Each structure stands twice: as structure tokens, then as C-alpha cells.
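Engineer: Pasting a structure below so you can have a look.
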Amino acid sequence: MVSLYADAAWFKACEGYLVFCLWLLDRCYALSDVATPQSEKACHRVFLWFMLLLHVRRELGLGSEMFRIIEPPSLSVQEILKYMGEKLLTLRLELQAESEDPNLGVGGKLERDVVAEVVEMATELLMSRATKEDKDALCQWLGILTLEGERLGDPLWEGQARDAADKACDRVGQFLELLDLYPSSQEEQKVEIPTISSEVEKLWTSELQQLQKLSSDEEEKRQELARGIEAFLRYDVGKWPECKVEVFGSSMSMFGSPDSDLDMCVLKDSSYLDNEFPAENRLQTAKRRKNDLFDLKSIFESEGFEVDTVVAHARIPVLRFRYSRSGLDYKCDLCFDNELSVWNTRLLRAYASFDERARDLGIAVKHWAKQRGVSDTASGFLSSYSYVLMSIYYLQVVNVLPNLQDPPLVQIFHPIQERRAISVGCSILMLNESSLKSYAVDMNSSTVGRVFWKLFA
């Protein structure tokens, strides 16, 4: 099979590195390119961008076992700036030198797309490790993204890459403003933690409990829609006759609100959650999921659904569409075989059911983050899911919640399920909240208002 591609420009450019070959073909397919780049030089430069991208992903902790050739995360802010800045400049100078030759196929959509991803992730990496003492380094990064790009005027610094650079500059600028609000390590001083009166505690508790939650009726409507899509895929489409459509995320975790998007997962075998299957090759599985989503996109569009897009390069590819029928109106994200998220949702629901304060606090922290504009992952902040996890962890620390995955407790109480999530190979062993009701006798009895105050104090 490999011999069929031995003479291809993209195969020779990477010396037969199959991970890159699969990535390149998949990226061309997602970008609707009918052919791969024909210039070996252009392909080799894309290969260098790809390796740079892998290094950044590894530093961000986004790598996987197949990328063990990349060194463990270790770069400081100054090292990131030097390494990334030099690589960006070198590759762009090389492109500029070649851009006069129209036969080289440089600066195309594929390459600009990869450059955009490198810029976005490198910026995220810098911001994740920068402190107030690194402001000069961040300003240098702004210079790399702006002045040098304008000076060079290379064809890569257009389209997606230009947009990514502009967005990265905005993010770094906002981050620099945020750093100015905090003292440096030399300026830090001890502060006294304020107290809270009983009147304020009661007021906060009342207000937090009144934040909008997803009602059981609304949950049922979302479940009903999922069942309708399941029946459509099973009987009308017929391609997935044994599939199961599971609602997950905030629509089922009990940490959602009426305006939460509807997340659904198509498990192509209805027994997927109950039986263990051998693990499949990750690249093949990812490719199949994307193909399924594009097939489903065509099917939904033919049925008159308002389809937005297929997010093909997310860790879990999703189909985004709007469902506006039968009096329902939901923004929906649909994916395939995302088994772990289904189990994570069940775990969050178990915590929310164990103690009402868990649900109240999680929703309150999500509301706080949204109101202050710090729950947008695209801007480098935590996701709403991460804020819920943070609130659950805090409640475990202050003895409001037990750890439903704690091995000693599992030995005492009966677990819901004892198996592994096949798609990621991790344990999904957990306890049902009802199994631990007797465990709650010595738990913290503080009101949610006081717990909320202590979390921020």
C-alpha cells in the first residue's frame, strides 16, 4: 500500500512519516481540496508547520501516545518566544523567497490554515505560562505577529492566518491589561479575609437558589427530541439501525439553564454503553467519525434542517445545527461515539443529585463566570464545564460532597457500573449518589450562600 504513494510529493516531503500523511490527506478532505499540494517544497514546509504544531500541542498537554517523539513539556516563556519566533520567521522567509515562482504552489489555503492553528496554539501556550514579569516577552510576541508580518508581506499572512494573528493580538492585549490589575510577586501582600453576616448569608442563599435551572419538563423535551432523531436515523435513514442517541452535557447534568445548547451523541451500536469492545485504531476511528458527520450533514440538509457547520478538527468533531420544529427551538451539537462525555454527564448528575448545594453552587459559578466574560475558551478562559468541575472539587474539599470515584468507598458500596470507557481507555467506575446517603451524616451543613462566599474569599 505504501509503495503506491512512494513518489507522491507529500509522501517524499515527510520521508514517509505516516502520521503526517494521514493528517495531510484528512486536512485536504476537510478543506474540500480535490488534490494534495504537488510541490515537494511546499509539502515539506507544511510538514515543518505540522511538526511545530505537534510540539506546541505537546507543551499544552494536548498530545497523545502516538506523538511520544516530542519532548515532554518544558519550555519557559522566554524559550517559547525564542523557539516559536525563530521558527515562524524562518518558515515565512523561506516562503517569501519562493513566492515569486508560481509553480511552487505556496501560500495556499491548506498552509494558511495550518499557520493559523500554530499562531492560535502558540499564543495560548504563551499566555498559559506568562506572569506579570513576562510582559516584555508578550509584547515581543505581539511584534512577531504584527510588524514582522507587515514587513515581510508574505502570502501566508493572509486569510485565516491574518485573522488568527489579529485575534491572537487582541487576546494578548486583553491579557496584558489583566496582568496590570494584579500585583507582581514582589508586591504581593497578605490580605484579611472578610466575614459575612447572617443576613447577607441568607440573602445570598435565596438569590443563588433562584438562578434559572433546567426544569424536569425541559429535560424531557430535550430527551424527546433525541429520541426523535434516534428513530429518524434508525428507521428513515437506515444507515445506523442499531444506534442510540444520548443527551449529554448541561442538558442532562442538572447544571444547565434554559438557554443551554443541546448536546447529543450518536452511539452507533445501542449496546455500546453496556458491552466492552476491543479498542480501535484512533486515527481510523477519528476519520470514520468525521465521514459520518459529513454524511449526516447532507442528510439533515436534505430534510430541511438548518445546518450550521461541521467542526471537523475539534478533539471531538461535531455537527452544529438548529432544530426549530414542533414548538421547539434548540441550538444543537451532535457527535458520534463520544462515550466518555456521556459517562461524565452521569457523574455530574450524580453529584448534583447527592446534594442540592452542588447544583446551586455549580450554576452560580457558571453564571458568575459568564457575567464577567471569563467562560469563553476561545479567549483563553475556562469552559463552563471546567467551572462546574472546580465547584465540585471545592465542595469535596470542604466536606459537602464525597468522591463518588474514591476506591475505598467503592469497596464498601456497590458501583453503578464497573468497566472502562473504550473510546479513551480510562476507568468509568463510580458510585450512585443514592448508595451514599448514609455517608452524609457527618457532612458540612453550611448554606450555599456561605459556601459560595468561602469559595471566593
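The numbering of the sequence shown is this note's numbering, which starts it at 35 and goes up by one.
Heads up, the beta-carbon is just placed ideally off N, CA and C, and yes, glycines get one too.
Predicted model only: the values in this text are computed from it and were never measured.
Alpha carbon to alpha carbon, what distance is there between Lys400 and Thr379?
Structural biologist: Cα to Cα, Thr379 sits roughly 16 Å from Lys400.
Engineer: Under the rule that 16 or more other beta-carbon atoms within 10 Å means buried, what is Ile426, buried or exposed?
Structural biologist: Counting Cβ neighbours within 10 Å, Ile426 comes out buried, since at least 16 surround it.
Engineer: Cβ of Ala403 within 8 Å of Cβ of Arg393?
Structural biologist: In this structure, Arg393 does not lie closer than 8 Å to Ala403 by Cβ.
Engineer: Runs of 3 residues minimum, wholly inside the segment 361 to 411: which ones carry the beta strand (DSSP E) assignment?
Structural biologist: Taking only runs of at least 3 residues, the beta strand (DSSP E) segments lying wholly in the segment 361 to 411 are 364 to 370.
Engineer: Which of the three DSSP states, helix, strand or coil, is assigned to Leu296?
Structural biologist: In the structure shown, Leu296 sits in a strand (DSSP, three-state: E or B).
Engineer: Starting from the Cα of Gly177, find the closest Cα among Leu122, Arg163 and Glu211 and give me that residue.
Structural biologist: Closest option to Gly177, Cα to Cα, is Leu122.
Engineer: Closer than 8 Å is the cut-off here; do at least three beta carbon pairs connect the segment 284 to 291 with the segment 244 to 262?
Structural biologist: Short answer: they touch.
Engineer: In or out: His347 buried (at least 16 other Cβ within 10 Å) or exposed?
Structural biologist: With fewer than 16 other Cβ atoms within 10 Å, it is exposed.
Engineer: Tell me whether Lys278 sits in a helix, a strand or coil according to DSSP, three-state version.
Structural biologist: Correct three-state label for Lys278: strand.
Engineer: Which residue marks the beginning of the beta strand (DSSP E) containing Leu353, and which one marks its end?
Structural biologist: Where Leu353 is concerned, the enclosing beta strand (DSSP E) stretches over Val352 to Tyr357.
Engineer: Going by beta-carbon coordinates alone, are Leu416 and Val444 separated by less than 8 Å?
Structural biologist: The answer is no: Cβ separation not under 8 Å.
Engineer: Tell me the residue span of the beta strand (DSSP E) that contains Val485.
Structural biologist: That residue, Val485, is in no beta strand (DSSP E); its alpha helix (DSSP H) goes Val482 to Phe490.
Engineer: On the three-state DSSP scale, how would you describe Leu301?
Structural biologist: Looking at Leu301 - three-state DSSP - the assignment turns out to be strand.
Engineer: The alpha helix (DSSP H) spanning Thr239 covers which residue range?
Structural biologist: Unbroken alpha helix (DSSP H) run through Thr239: Ser232 to Gln243.
Engineer: Give me the DSSP bridge partner(s) of Val345.
Structural biologist: Paired residue(s): Val352.
Engineer: In whole angstroms, what is the alpha-carbon distance linking Leu213 and Ser413?
Structural biologist: One C-alpha to the other measures close to 15 Å.
Engineer: Glu2 bridges to which residues according to DSSP?
Structural biologist: Absent from the model: residue 2. The displayed extent of the chain is 35 to 491, so no value can be given.
Engineer: Tell me which residue opens and which closes the alpha helix (DSSP H) that Cys77 is part of.
Structural biologist: Per DSSP, Cys77 belongs to the alpha helix (DSSP H) from Glu74 to Glu93.
Engineer: Note down, in chain order, each residue of its chain lying with its Cβ closer than 7 Å to the Cβ of Glu158, except the 5 sequence neighbours on either side.
Structural biologist: Excluding positions up to five away in sequence, the list reads Leu94 and Gly414.
Engineer: Just the C-alpha distance for Val111 and Lys278, rounded to the nearest angstrom, thanks.
Structural biologist: Their Cα atoms are separated by approximately 46 Å.
Engineer: From Lys201 to Asp147, what does the alpha carbon distance come to, in whole angstroms?
Structural biologist: In a straight line, the C-alpha of Lys201 is about 14 Å away from that of Asp147.
Engineer: Check whether the Cβ atoms of Val271 and Ile333 sit closer than 8 Å, and answer yes or no.
Structural biologist: Their beta carbons are under 8 Å apart, which means Val271 touches Ile333 by this criterion.
Engineer: Under a three-way DSSP split, which group does Ser417 fall into?
Structural biologist: Looking at Ser417 - three-state DSSP - the assignment turns out to be coil, as it is neither helix nor strand.
Engineer: Smallest Cα separation from Trp238: which of Leu395, Cys62 and Leu160?
Structural biologist: With distances taken between Cα atoms, Trp238 lies closest to Leu395.
Engineer: Which of helix, strand or coil does DSSP assign to Lys46?
Structural biologist: Correct three-state label for Lys46: helix.
Engineer: If you follow the alpha helix (DSSP H) that Gly262 is part of, which residue opens it and which one closes it?
Structural biologist: First-last of the alpha helix (DSSP H) with Gly262: Ser250 to Ala265.
Engineer: Does the beta-carbon distance from Cys366 to Arg356 come in below 8 Å?
Structural biologist: In this structure, Arg356 lies closer than 8 Å to Cys366 by Cβ.
Engineer: Leaving aside the five residues before and after Tyr364 along the sequence, list all residues of the same chain whose C-beta is less than 6 Å from its C-beta, in chain order.
Structural biologist: If we look at Tyr364 and ignore the five residues flanking it on each side, its Cβ neighbours are Leu296 and Tyr357.
Engineer: Can you check which of these residues, Pro292, Cys369, Gly338 and Pro441, is closest to Lys492 by C-alpha distance?
Structural biologist: Lying outside 35 to 491, the shown extent of the chain, residue 492 is not represented and no answer is given.
Engineer: Give the straight-line distance between the Cα atoms of Arg454 and Glu252, rounded to the nearest whole angstrom.
Structural biologist: Note that Arg454 has pLDDT 48, beneath the 50 cutoff, so the model's placement of it is unreliable and no number is given.
Engineer: Please check the pair Val234 and Leu144, which I expect to be a contact at CB under 8 Å, by giving their CB distance rounded to whole angstroms.
Structural biologist: Actually they are not in contact, since the Cβ atoms of Val234 and Leu144 sit about 58 Å apart, beyond 8 Å.
Engineer: Assuming Leu87 and Leu160 form a contact by the criterion Cβ under 8 Å, report the distance between their Cβ atoms to the nearest whole angstrom.
Structural biologist: No, Leu87 and Leu160 are not in contact; Cβ-Cβ is about 15 Å, not under 8 Å.
Engineer: Check whether the Cβ atoms of Ser291 and Leu248 sit closer than 8 Å, and answer yes or no.
Structural biologist: Yes; because the gap between Cβ atoms is below 8 Å, this pair is in contact.
Engineer: Helix, strand or coil for Lys273, going by three-state DSSP, please let me know.
Structural biologist: Looking at Lys273 - three-state DSSP - the assignment turns out to be coil, as it is neither helix nor strand.
Engineer: Measuring straight from C-alpha to C-alpha, what distance separates His78 and Pro275?
Structural biologist: Straight-line Cα distance between these residues: approximately 44 Å.
Engineer: Using the Cβ count rule (16 or more neighbours within 10 Å means buried), how would you classify Cys173?
Structural biologist: Exposed is the call here.
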